[in-house]
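Asker: Below you'll find the structure I mean.
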Amino acid sequence: MQLRRSKIKEGGVTFPIVQGMAYITAVYSGGDVTPRLMLLFPVVWAAQRDESGQLVAIEGMPTWPEDIDVDVSVRAADAASAEHVTTALVQLTHNQQVWKLWFIEEKQDAAPNTPFQLVYDDKSKSIQGSRSFSGTVRAALLADTPSSPELQPMPSTVQRLTVPQRERLLDKHVGVWPLGAHLDVFAPDTEEDMYGYRFRWKTGSREAGSGAER
0 MQLRRSKIKE GGVTFPIVQG MAYITAVYSG GDVTPRLMLL FPVVWAAQRD ESGQLVAIEG
60 MPTWPEDIDV DVSVRAADAA SAEHVTTALV QLTHNQQVWK LWFIEEKQDA APNTPFQLVY
120 DDKSKSIQGS RSFSGTVRAA LLADTPSSPE LQPMPSTVQR LTVPQRERLL DKHVGVWPLG
180 AHLDVFAPDT EEDMYGYRFR WKTGSREAGS GAER
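In structure tokens form, the structure reads like this:
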């Protein structure tokens, strides 16, 4: 399913929605469009990676505390290490959840004149870009607070990922996103055979643009 604003002459944002997706995805295209993320709750801290890969407070945020109870140590990422990819971490106040954001700019012949940065506006409780943006924004839940009760009991046979493992896994796959799918169903040739099905995914990526099929 695709969500998009109607009657937009230049530029806009599309939200491809797929059941069970690990990321929230927003695709910004054309025109003078600047990402602005409205937050329902104030944030404890919000930080982004600088050029050296270190976490620094987003402009407008106070210096974020060093005694964070979640491991957000710096690590290399396939997509996040590429040029013109900005990553950020945000921790909310109401449940201490930590979310990771990826701002993946489309490849252009000419590099933007100014680097894309993030700014926090405490009055509107929003995080917004420092300039217009054409590309894809992805967000994923990185960690719950360690003291929060589990939403669902997990069988002992299921391995629970640590926060660093979650971040590495999300970084690895953030560069490709689903746009839709086609379902093929195969009828059995005989009564002994079983029905079969196959999903053919239409995906977008920073390298290939939109429309690739997998």
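Residues 0 to 213 in numbering that gives the first Met the number 0 are what the sequence shown spells out, letter by letter. Built from N, CA and C at the ideal position, the CB exists for glycine as well.
Leaving out five residues before and five after V175 in sequence, what residues of the same chain have Cβ atoms less than 7 Å from its Cβ?
Answerer: Counting only Cβ-Cβ distances below 7 Å, and skipping sequence neighbours, we find T202 and S204.
Asker: Looking at the structure shown, is L169 part of a helix, part of a strand, or coil, going by DSSP?
Answerer: Of the three classes helix, strand and coil, the one that applies to L169 here is helix, per DSSP.
Asker: Cβ of I16 within 8 Å of Cβ of I126?
Answerer: No, Cβ-Cβ distance for I16 and I126 is not below 8 Å.
Asker: At a cut of 8 Å, does the segment 23 to 31 reach the segment 121 to 138 through at least three beta carbon pairs?
Answerer: Yes, the segment 23 to 31 is in contact with the segment 121 to 138.
Asker: Which word fits R35, buried or exposed, when buried means at least 16 other C-beta atoms lie within 10 angstroms of its C-beta?
Answerer: Exposed is the call here.
Asker: Determine the direct distance from the alpha carbon of A87 to that of N190, and round the result to whole angstroms.
Answerer: The sequence given here has Glu at residue 190, not Asn. Distance between the alpha carbons of E190 and A87 is about 55 Å.
Asker: So who's on the other strand from V136, going by DSSP bridges?
Answerer: BP columns for V136 point to A25 and F102.
Asker: With H, G and I counted as helix, E and B as strand and the rest as coil, what does DSSP make of M90?
Answerer: Before going further, note that residue 90 is Gln rather than Met in the sequence given. Residue state, collapsed to three classes: strand.
Asker: In the DSSP assignment, the beta strand (DSSP E) including Q127 goes from what residue to what residue?
Answerer: Per DSSP, Q127 belongs to the beta strand (DSSP E) from S125 to G128.
Asker: Return the Cβ separation of D120 and G195 in integer angstroms, given the expectation that the two are a contact with Cβ distance under 8 Å.
Answerer: Contact flag wrong, Cβ pair sits at about 52 Å.
Asker: For the beta strand (DSSP E) holding F198, just list the boundary residues, first then last.
Answerer: Segment G195 to S204, the beta strand (DSSP E) holding F198.
Asker: Suppose you measure from the CA of V215 to the CA of V12; what does that come to, to the nearest Å?
Answerer: Coverage of the chain is limited to positions 0 through 213, which leaves residue 215 absent and any answer about it impossible.
Asker: Looking only at DSSP bridge pairs, what is G11 linked to?
Answerer: Per DSSP, S28.
Asker: Which partner residues does Q47 have in the DSSP bridge list?
Answerer: Beta-bridge pairing links Q47 to V55 and A87.
Asker: Is R35 close to the ligand GTP? I mean its beta-carbon at under 7 Å from any heavy atom of the ligand.
Answerer: Only the bare structure without any ligand can be found here, which leaves the ligand GTP out of the picture.
Asker: Measuring straight from C-alpha to C-alpha, what distance separates L141 and T113?
Answerer: Between L141 and T113, the C-alpha separation is close to 29 Å.
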